[in-house]
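Have a look at the structure below, then the notes.
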Amino acid sequence: MPSTSSRLFQHVLNTASSISVVTALSLGIFAHKRSLIPLYGSGPTVYLLDGIVLAAVVASSIHNINISIKWNLLYTAIVFTLAPNATYWIGVWTSREKQPVLGPAITHVIALGPLVFLLTTFVVQMGNYNKTASLARPTIIRRLIRGAAACSAATLLNKNTLATLPIFYNISDSQICLAFALIFYALWVMSLTFLPAPTKPITSKKKASAERKESAEISNIQIKSYIFLAFSFIWVMVGSKLASPILPHPLTTTYTHPTYPLQILSAEQSVTGLITVAEWLPPPYSNGQDEQQLHSARYLRASHSILGGVWMYDKVGVLDDEPPLADSFGTPLGDSIYSTFVVQEAVRLVNSTNVGKANTWKNALVIGLGTGISTTSFMRHGISTTVVEIDPAVYKAARTFFGLPDPGAGKVFLEDARAWTAKQHADIDAGVKTTLFDIVVHDCFSGGGVPQHIFTMEFWTELKTVMKSDGILVVNYAGVLRSRSSRLVINTLEKNFKQCRAFHDMFDTLEESKYDTEFVNMVLFCTQSTTPLTFRKSRRSDWLGSPLRRHVLKSMESRELNLDLIRGSPRGDDQDILTDEHNNLGALQEKQGAHHWLVMRDVLPDVHWETY
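Okay, so the sequence shown: first residue is 3 according to my numbering, each after it adds one.
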């Protein structure tokens with residue numbers, strides 16, 4: 003019977019092994035998911051992920067085959083070695099089939115499933131590895147409990163810790179997988195036996211036998227060390243070739259695609275995911291077909307969503323010979339590739355408030371920066387503009403590549419808008435003198451969804467305290483217009499503000515039949531003022547030399563949406579109101595995630611999404 007100290011040592015060893023396996027499992031899932039999100043977006047990527055991971059855990063727990071630790075170590079090392087390229091290429095091939103639910107599921111099953119199965123095997127068979135090979139595995143109930151515990155711990159670590167650690171911004175998914183591969187190869191080598199231990203000696207020769215046994219053990223260790231050193235040398239030489247084609251993050255030099263007119267100017271992991279600045283170069287030759295395809299544009303990408311962009315090269319157009327905006331390197335920039343940001347700028351045309359009538363807009367607040375199109379416009383019109391943006395990489399990209407001027411000291415807050423607004427609200431309640439805003443622009447859509455905590459009654463109530471009494475709130479919301487999520491947003495805003503009007507950003511007329519099918523940017527203008535909200539006609543000074551501004555601002559009247567067709571209930575009805583306690587906006591947006599993914603796939607060719 004084992005001694006107490008022996009049992010304690012075995013317990014400590016098993017605990018340490020479990021923690022190590024859970025860490026490897028969590029990091030493996032983390033790297034797999036992070037590699038796929040730029041291809042599929044967060045919603046489609048995670049939709050079936052937990053279920054497939056659980057299925058692999060159950061499969062590993064219920065089968066009755068004893069897998070020796072030696073072979074399990076080798077299999078795990080091989081799977082970690084293949085994981086970077088398997089995840090990327092299977093993700094690429096399936097995404098080209100335009101299946102935003104089935105594609106990620108297939109990738110999870112093939113690229114991640116075997117890894118979860120093998121790592122779970124270490125946990126469910128723990129304690130058996132030190133016993134005879136003929137000994138039966140632990141009972142199925144015990145195996146399932148062990149597997150479920152490992153899965154739960156890995157999932158919690160992955161979701162609540164790893165994704166928030168800045169240290170992983172500079173560590174690639176390939177580096178994570180290949181580092182674990184090397185560790186498991188090392189453990190596999192250490193599990194091998196090259197020189198057999200001497201047979202049991204007779205009693206009179208115990209001392210000599212012990213010496214031979216010790217010598218054999220030393221020789222085994224030496225052989226294993228030599229093998230691992232040789233293997234490590236080879237690994238260093240070929241390891242980089244085992245990495246996936248995903249670019250290093252942060253990207254230190256501009257990447258030019260070898261076969262397609264595409265450059266990646268910047269790419270870095272940050273708070274909201276992978277933030278990329280890409281440039282679609284002009285085609286190398288010109289013919290009629292090229293004119294039918296988009297090109298010559300620079301855009302800001304957050305994972306699988308476009309935050310904005312501008313036209314470049316020969317597509318930089320201006321009115322009245324006014325010089326175009328330029329980036330920090332002096333490169334000329336054209337109009338926005340999206341009209342929605344110019345629709346937001348129409349807030350300056352409001353003439354139903356005292357400030358609007360006098361055109362004396364002084365202070366604007368922008369929540370959610372993107373490329374900074376509307377922010378830059380406000381500043382060019384002499385409006386002091388404060389920026390609240392959760393992601394420092396987005397602000398950096400807007401300043402470097404999209405011509406955003408410096409808002410000035412104390413005008414930039416790189417934090418969550420809910421926390422910032424709460425602090426401002428508390429300061430006002432405490433009697434602290436605080437800037438009140440004439441204009442607030444709220445544009446926080448990204449990746450097929452929105453941060454639901456900044457669309458609730460409580461948030462809008464706090465936000466109103468930093469606005470002037472007749473200030474104008476501009477909210478950009480993207481989705482299917484006649485949907486429950488759009489209805490929730492509109493009803494909640496109308497519960498907080500006296501009136502709202504909404505406009506779309508499409509170039510064509512938006513027929514009522516498209517309210518049920520089209521994915522549309524809806525820009526809402528809301529105010530506490532009881533005077534009917536009206537807009538003046540635009541004039542040349544509003545356009546800032548931009549053909550797009552002239553077109554959009556002159557056509558505002560034809561862009562108005564019929565809110566009666568969206569809200570679905572009389573104004574003031576308490577149904578369908580978002581609160582902190584009752585808020586399913588995120589879940590509803592996830593259901594539209596597949597639709598958004600398909601829309602984005604039509605915006606850019608596959609190669610753009612596959613280069614990150």
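Even for Gly, the Cβ is constructed at its ideal location relative to N, Cα and C. Note that the structure is a prediction, hence the values are computed from the model and not measured.
{"query": "Exposure label - His-584; buried when at least 16 CB within 10 Å", "result": "exposed"}
{"query": "Simplified DSSP assignment, three categories, for Thr-134", "result": "Because the pLDDT at Thr-134 is just 47, under 50, the model does not fix this residue reliably, and the value given afterwards should be weighed accordingly. Looking at Thr-134 - three-state DSSP - the assignment turns out to be coil, as it is neither helix nor strand."}
{"query": "Length of the line joining the Cα atoms of Lys-435 and Ser-386", "result": "17 Å"}
{"query": "Own chain, CB closer than 7 Å to Gly-336, minus 5 neighbours either side, in chain order", "result": "Val-312, Trp-313, Met-314, Lys-317, Val-318, Gly-319, Pro-326"}
{"query": "Presumed contact (8 Å Cβ cut-off) between Leu-587 and Ser-487, rounded CB distance", "result": "6 Å"}
{"query": "Cα-Cα separation, Arg-503 to Ile-492", "result": "10 Å"}
{"query": "Of the residues Trp-282, Ala-304, Ile-178, Phe-230, the one placed nearest Ser-242, counting alpha carbons only", "result": "Ile-178"}
{"query": "Beta-carbon proximity of Val-601 to Phe-505, cut-off 8 Å", "result": "no"}
{"query": "Three CB pairs or more closer than 8 Å across the stretch 90 to 108 and the stretch 70 to 80", "result": "no"}
{"query": "N-terminal and C-terminal residue of the alpha helix (DSSP H) that Trp-545 is part of", "result": "542 to 545"}
{"query": "Reduced DSSP category for Thr-195 - H, G, I as helix; E, B as strand; rest coil", "result": "coil"}
{"query": "CB contact flag (Glu-460, Asp-582, <8 Å)", "result": "yes"}
{"query": "4-residue-minimum alpha helix (DSSP H) runs that sit fully inside the stretch 407 to 493, ordered along the chain", "result": "419 to 431, 459 to 466"}
{"query": "Terminal residues of the alpha helix (DSSP H) in which Arg-144 lies", "result": "142 to 162"}
{"query": "Alpha carbon of Val-368 to alpha carbon of Gly-374, nearest angstrom", "result": "9 Å"}
{"query": "DSSP-derived helix/strand/coil call for Tyr-90", "result": "helix"}
{"query": "Proximity winner among Leu-114, Glu-496, Gly-547, relative to Leu-565 (alpha-carbon distances)", "result": "Glu-496"}
{"query": "Residue range of the alpha helix (DSSP H) that includes Ala-395", "result": "394 to 403"}
{"query": "Bridge-paired residues (DSSP) for Ala-299", "result": "Trp-282, Trp-313"}
{"query": "Val-443 and Val-476 closer than 8 Å at C-beta", "result": "yes"}
{"query": "The stretch 24 to 41 / the stretch 157 to 177 touching (three or more Cβ pairs under 8 Å)", "result": "yes"}
{"query": "Proximity winner among Leu-535, Thr-519, Asp-518, relative to Leu-526 (alpha-carbon distances)", "result": "Leu-535"}
{"query": "Cβ shell of Ile-308 (< 6 Å), same chain only, five flanking positions each side left out", "result": "Tyr-301"}
{"query": "Beta-carbon proximity check, Ala-596 vs Val-118, cutoff 8 Å", "result": "no"}
{"query": "Cβ neighbour criterion (16 or more within 10 Å) applied to Gly-332", "result": "exposed"}
{"query": "Delimiting residues of the beta strand (DSSP E) encompassing Thr-265", "result": "The identity of residue 265 in the sequence shown is Gln, whereas the question assumes Thr. First-last of the beta strand (DSSP E) with Gln-265: 264 to 272."}
{"query": "CA-to-CA distance, Tyr-614 to Ser-557, given in whole angstroms", "result": "37 Å"}
{"query": "Alpha helix (DSSP H) runs contained entirely in the stretch 100 to 125, provided each spans 4 or more residues", "result": "104 to 109"}
{"query": "For Thr-529, the first and last residue of its enclosing beta strand (DSSP E)", "result": "521 to 529"}
{"query": "Pairwise C-alpha distance: Tyr-171 and Gln-271", "result": "5 Å"}
{"query": "Proximity to Phe-343 [Cα-Cα], best of Met-508, Glu-324, Arg-420, Lys-413", "result": "Met-508"}
{"query": "Through-space distance from Ala-155 to Leu-137, alpha-carbon basis", "result": "With a pLDDT of 49 at Leu-137, under the threshold of 50, the modelled position of this residue cannot be trusted; read the value that follows with caution. Taking the straight line from one Cα to the other gives about 28 Å."}
{"query": "Expected contact under 8 Å - CB spacing of Val-452 and Lys-413 to nearest Å", "result": "Rounded, the Cβ-Cβ distance is 24 Å, inconsistent with contact."}
{"query": "Contact check, Leu-121 vs Ala-26, beta carbons under 8 Å", "result": "yes"}
{"query": "For Leu-483 and Tyr-517, the rounded distance between their alpha carbons", "result": "5 Å"}
{"query": "Close beta carbons around Leu-146, own chain, < 6 Å, minus the five adjacent residues each side", "result": "Ser-63"}
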